[in-house]
Every structure is written in structure tokens, then in C-alpha cells.
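> These protein sequences, in sequence, are chains A and B. Every letter in the first sequence is one number past the one before it in the working numbering, and letter 103, counting from 1, is 103. Every letter in the second sequence is one number past the one before it in the working numbering, and letter 12, counting from 1, is 12. Ideal Cβ positions, reconstructed from N, Cα and C, are used throughout, including at glycine. Small disclaimer: the values here were computed from a predicted structure and weren't measured.
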Amino acid sequence: MNEYDNKIRQIILLALLPLLGGTINLVTALIIAISCILMALLIRVFYMILKKYFSDKNSIWFLLLALGLSISYSIYILIPVVLPFTEPYINIYLLLIGVTPLIYAGCRKIKWKTFFANNLIFMLIMILIAGMREILGEGSLLGQSILAVEPLTLISGPIGAFVVVGTAGILLEIIYNRGISK
Amino acid sequence: MREIAAVFWEYVFPENILLVYFFGVLLAIVETPGLKRSFKKGFKLSCGLLISALSGWIITGYISGEQDFIALLIFLLTSLFAIYLLQKMGELEGEWLGLPKMVLVFVPMIGLQWLAREQGINITDSFFMIAGSVTGFYMSFILIAAIKEQIRLAEAKKIFKNEYTLLLAIGFLALAVIGFSFI
Chain A
1 MNEYDNKIRQ IILLALLPLL GGTINLVTAL IIAISCILMA LLIRVFYMIL
51 KKYFSDKNSI WFLLLALGLS ISYSIYILIP VVLPFTEPYI NIYLLLIGVT
101 PLIYAGCRKI KWKTFFANNL IFMLIMILIA GMREILGEGS LLGQSILAVE
151 PLTLISGPIG AFVVVGTAGI LLEIIYNRGI SK
Chain B
1 MREIAAVFWE YVFPENILLV YFFGVLLAIV ETPGLKRSFK KGFKLSCGLL
51 ISALSGWIIT GYISGEQDFI ALLIFLLTSL FAIYLLQKMG ELEGEWLGLP
101 KMVLVFVPMI GLQWLAREQG INITDSFFMI AGSVTGFYMS FILIAAIKEQ
151 IRLAEAKKIF KNEYTLLLAI GFLALAVIGF SFI
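(1) Mind pulling the alpha helix (DSSP H) runs of 4 or more residues that sit fully within the region 83-114 of chain B?
(2) Starting from Thr153 of chain A, trace the alpha helix (DSSP H) both ways and give me its first and last residue.
(3) Take Ile77 of chain A as the anchor and find which of A:Leu67, A:Ala66, A:Ile90 has the nearest alpha-carbon.
(4) Do the region 58-77 of chain A and the region 52-65 of chain B make contact, defined as three or more Cβ pairs closer than 8 Å?
(5) What did DSSP end up calling Leu96 of chain A once you bin it into helix, strand or coil?
(6) Residues bridged to Gln144 of chain A by DSSP?
(7) Quick check: what's the CA-CA separation for Thr124 of chain B versus Gly136 of chain B?
(8) Mind checking whether Ile146 of chain A and Ile135 of chain A have CB atoms under 9 Å apart?
(9) So Ala148 of chain A packs on Thr23 of chain A, CB below 8 Å; how close in whole Å?
(10) Around the C-beta of Trp112 of chain A, are 16 or more other C-beta atoms found within 10 angstroms, so that it is buried, or is it exposed?
(11) Going along the chain, which residues of the region 48-65 of chain B sit with their C-beta nearer than 8 Å to a C-beta in chain A?
(12) Name the chain B residues whose beta carbon is nearer than 8 Å to that of Thr100 of chain A?
(13) Name the chain B residues whose beta carbon is nearer than 9 Å to that of Gly137 of chain A?
(14) At a CB distance below 7 Å, what residues from the region 42-71 of chain A approach chain B? Give them in sequence order.
(15) Quick one: does Ala156 of chain B have its CB under 9 Å from some CB of chain A?
(16) In its own chain, which residues sit with a C-beta less than 6 Å from the C-beta of Lys161 of chain B, not counting the 5 before and 5 after it?
(17) Could you give the distance in angstroms between the alpha-carbon of Pro18 of chain A and the alpha-carbon of Thr165 of chain B?
(18) Given Ile49 of chain A, which residues of its chain have a CB within under 7 Å of its CB, disregarding the five upstream and five downstream residues?
(19) Can you name the residues of chain D whose CB is closer than 9 Å to the CB of Glu87 of chain A?
(20) Below 9 Å between beta carbons: does that hold for Ile75 of chain A and Met132 of chain A?
(21) If you scan the region 69-113 of chain A from start to end, which runs of the alpha helix (DSSP H) of 4 or more residues do you find wholly inside it?
(22) Since Leu115 of chain B and Tyr21 of chain B are thought to touch, with beta carbons under 8 Å apart, how far apart are those beta carbons, to the nearest angstrom?
(23) Is the region 95-105 of chain B in contact with the region 51-61 of chain A, if contact means three or more CB pairs nearer than 8 Å?
(24) At a CB distance below 9 Å, what residues from the region 127-147 of chain B approach chain A? Give them in sequence order.
(25) Just checking: is the beta-carbon of Ile24 of chain A within a distance shorter than 9 Å of some beta-carbon in chain B?
(26) Are three or more beta carbon pairs between the region 67-86 of chain B and the region 27-41 of chain B nearer than 8 Å?
(27) When the cut-off is 9 Å and only beta carbons count, does Val82 of chain A lie next to chain B?
(28) Excluding the 5 residues preceding and the 5 following Asn16 of chain B in the sequence, name in chain order all residues of the same chain whose CB lies nearer than 6 Å to its CB.
(29) Return helix, strand or coil for Phe13 of chain B, following the three-state DSSP convention.
(30) Are the Cβ atoms of Ser35 of chain A and Ile97 of chain A separated by less than 9 Å?
(31) Would you grab the beta carbon distance between Met101 of chain A and Leu80 of chain B for me? Rounded to a whole angstrom, and I think it's under 8 Å.
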């Protein structure tokens, strides 16, 4: 259970909070995913600059966390002002991306190529889960109604988040394992 | 007294901030050891959450409602203080997926403090809301440890012996809690 052997599983766990809370609809998921990726990029750049000046590992992490939280708070405040149409889609998960483990995962010893690949995978998973939840839970996509009824309203709530993320995870694991075996 | 008890029990499971908003899920998934050890570990982590939430709630009580950024900084500092205490007790040491384990507790600590402040109910209710949420977290921590152990022991394919099955189990358990609250 604790063998975090594949990349998709690692990404899902590192980004579990936005995946569960930020996928209530596609627009929210896109805002959170883009903010997460930009923040991860900023944090990685800051880490690369700052690590030369800190010998104590803990102090650099405290500084990065304070920085991350400040940036996410600024995004949380600024996005509804700059893009007023996004206001109904902003929730606490946008504020909390500053403490989401995924944005600090870029500080590990990984190549830039791997960093971008991980973030791209994260964005695709966010879109997949949010799309599933919006279609099944609200019968719409990007706010436009596409189904006459709401097939499974439960999916929009917290229970639906657990079930959809769990199911999507198992499906992705099956696909990943088939890809490896081929 | 009955009203206070109602607020407390409401926040233990059906309205638990740490579970309904998913703040404590990753911490519980990653940090749960075997069932036996999870009683003690869960207690320590819950104490850490309670200390950070109560200290943040008391300090920010003196700040006006518009100074959100200062409140956020205070939440960060109270969380760091709680993490320091937890590390003194031997928790949150080492790494998880290449990151220091302390990164895991910021989400529940800051999320709980932020929502406790945002909900702005009276002093007694706020206190029992925090206490109820932390109690619910402790109970779910043990529950998750038990489910993890069952998943580990189950005769199932390897593909199902991971965190996804755990997430599905949590989802169905939450469904049961909602079912009971209807009764």
C-alpha cells in the first residue's frame, strides 16, 4: 500500500486536495489547475535561487511555505477582480493551493522535462475528473446544460468526489499497467 | 447545554470541516500506521490540530474582519508552532515522496483555522465546532487505519490494494453517515 511506484499515483496523492475539492466543475478545475502549475513553477524557481543561501533544510521549507501561501492568497484575491466572470467559481481550494504538496514537488531533484510532464498529467487528470463530475452531477459542461436531467446529483458533493477520484484512479492504474506491460 | 452538544455532534461527522472539505484526508491516508499504533499517533496529530486551531482562533479574535492576510500569517505561525510540538513528540519526521512530512499538515491546520474564522459563529459554538471537527478527525483516522489494514490483508488483485480503494471506501462510509443523518 505504501509503494508509491508509479508516477500517476504519486501525482494523484500529491494533488489530492485540489482533485477532491477543486473538481466540482470544469471552470473551477481549470482555474485551480492553471494556478497550481504557475505556482509550482514559481516555487521551483525560488527554490533554485534560495537553496544556495540556506544550509538548514527546515528554514528553506518554512520560507517556501510562507511564500506559497502569500502567492496563493494574492491569486485568491486577484482572480475575481481581474476576471469578474470567475467569481462564482472561486473557492477555498484556490487559497489552499499554497499548502498543497504538489506545488512543492518541483523542489525535488527532478529534471525540467519531468516537472512539466508531471504538471501536464495533473492538469489532464483535473480536467478528466471535473468533466466527469460536472456531466454526471449537474448534467452540464463548462456551465452549458447538455443533458435534460442531472443523472447523479450525489456526484457533485463530497461523496461523489471520493467515488469519482477513486474510480478514475483505478482506471488510470489499469491503463498505466497495460502501457508498462506492452 | 443540549444546543452545545448538538453543535459538537454535528461537527463530529456530518458537518466535520476536516472531512467534508477534505482537509484531513491526505494526512490520514499517509500517516496511518497499523490499527494498534494509530490510536496513539492519531491522538498526537489531533492534539496538534486542536492546538493550532484554538491558538489561531484566539489570536485572530482580536483582529478586525477585513485583515484576512494578517490572519493567514497568524494561522501559518500557529501551524508552525503546532508542528514544532508534534516533531518534539516524534511525529512528522522524515520524508514522504521526497517532501518533508510537515508539508502534509498545513492543509488541515490552515484550512480548519480559515473556515472557523470565516463561519463567524459565536464563541461557544466556534469552540465546539473546532473540538467536534478534531474529534471526528481522530475517529476517522482510526477508521482509515482499520480500512487500510483490511485492504492490505484482503485477497484481492494488487491493483486494488492501494489508496484508490481506500478513497472509494471513504466515499461509501460518508454515504452511510448521510443515510443515518436522514433517519
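A quick look at the data gives this:
(1) Whole alpha helix (DSSP H) segments, 4+ residues: zero.
(2) Residue 153 of chain A sits at position 153 when you count from the first residue of the first sequence. For Thr153 of chain A, there is no enclosing alpha helix (DSSP H), as DSSP marks it with neither H nor E.
(3) Working through the first sequence from its first residue, we reach residue 77 of chain A at position 77. Among A:Leu67, A:Ala66, A:Ile90, the Cα nearest to that of Ile77 of chain A is on A:Ile90.
(4) Segment contact: the region 58-77 of chain A against the region 52-65 of chain B, fewer than three CB-CB distances shorter than 8 Å; contact not assigned.
(5) On the first sequence, residue 96 of chain A is found 96 positions in, with the first residue counted as 1. Leu96 of chain A falls in the helix class under three-state DSSP.
(6) Here the question's residue 144 of chain A lines up with position 144 in the first sequence. DSSP, once it has assigned bridges, lists A:Leu141 as partnering Gln144 of chain A.
(7) Along the second sequence, read from residue 1 onward, the residue named residue 124 of chain B stands at position 124. Along the second sequence, read from residue 1 onward, the residue named residue 136 of chain B stands at position 136. If I take the Cα positions, the gap works out to 18 Å.
(8) In the first sequence, counting from the first residue as 1, residue 146 of chain A sits at position 146. In the first sequence, counting from the first residue as 1, residue 135 of chain A sits at position 135. Result yes, Cβ atoms of Ile146 of chain A and Ile135 of chain A sit closer than 9 Å.
(9) Translated into positions along the first sequence, residue 148 of chain A becomes position 148. Translated into positions along the first sequence, residue 23 of chain A becomes position 23. About 23 Å separates the two Cβ atoms, so there is no contact after all.
(10) One-based indexing of the first sequence puts residue 112 of chain A at position 112. Answer is exposed; the Cβ neighbour count stays below 16.
(11) none
(12) Reading the first sequence from its first residue, position 100 is the one you call residue 100 of chain A. Correct list: Val107.
(13) Reading the first sequence from its first residue, position 137 is the one you call residue 137 of chain A. Simply none; closest approach about 14 Å.
(14) Trp61, Phe62, Leu65, Ala66, Leu69
(15) Here residue 156 of chain B refers to the residue found at position 156 when the second sequence is read from its first residue. Not an interface residue.
(16) Walking along the second sequence from the start, residue 161 of chain B turns up at place 161. Only Ile151 meet the Cβ criterion.
(17) By one-based count along the first sequence, residue 18 of chain A stands at place 18. By one-based count along the second sequence, residue 165 of chain B stands at place 165. Approximately 19 Å between the Cα atoms of the pair.
(18) Taking the first sequence and counting its residues from 1, one reaches residue 49 of chain A at position 49. Closer than 7 Å at the Cβ level, and outside the excluded window around Ile49 of chain A, lies no residue.
(19) Of the protein chains in this structure, namely A and B, none is chain D.
(20) Position 75 of the first sequence, counted from the first residue, corresponds to residue 75 of chain A. Position 132 of the first sequence, counted from the first residue, corresponds to residue 132 of chain A. In this structure, Met132 of chain A does not lie closer than 9 Å to Ile75 of chain A by Cβ.
(21) 92-95, 101-104
(22) By 1-based counting over the second sequence, the position of residue 115 of chain B is 115. By 1-based counting over the second sequence, the position of residue 21 of chain B is 21. The beta-carbon distance between Leu115 of chain B and Tyr21 of chain B, rounded to whole angstroms, is 7 Å. This is short enough to meet the 8 Å contact definition.
(23) yes
(24) Of all residues in the region 127-147 of chain B, none comes within less than 9 Å of chain A when Cβ atoms are compared.
(25) Taking the first residue of the first sequence as position 1, residue 24 of chain A is located at position 24. So, not an interface residue.
(26) no
(27) Residue numbering aside, residue 82 of chain A sits at position 82 when the first sequence is read from its first letter. Not one beta carbon of chain B lies nearer than 9 Å to the beta carbon of Val82 of chain A.
(28) Indexing the second sequence from 1 puts residue 16 of chain B at position 16. Excluding sequence neighbours, Asn16 of chain B sits near Ser133, Gly136.
(29) Stepping through the second sequence from its first residue, residue 13 of chain B is reached at position 13. Phe13 of chain B: coil per DSSP, three-state reduction.
(30) Reading the first sequence from its first residue, position 35 is the one you call residue 35 of chain A. Reading the first sequence from its first residue, position 97 is the one you call residue 97 of chain A. Yes, the pair counts as a contact, with Cβ atoms nearer than the cut-off.
(31) For this step, residue 101 of chain A is matched to residue 101 along the first sequence. For this step, residue 80 of chain B is matched to residue 80 along the second sequence. The sequence shown places Pro at residue 101 of chain A, not Met. At roughly 17 Å, the Cβ-Cβ gap does not stay under 8 Å, so Pro101 of chain A and Leu80 of chain B are not in contact.
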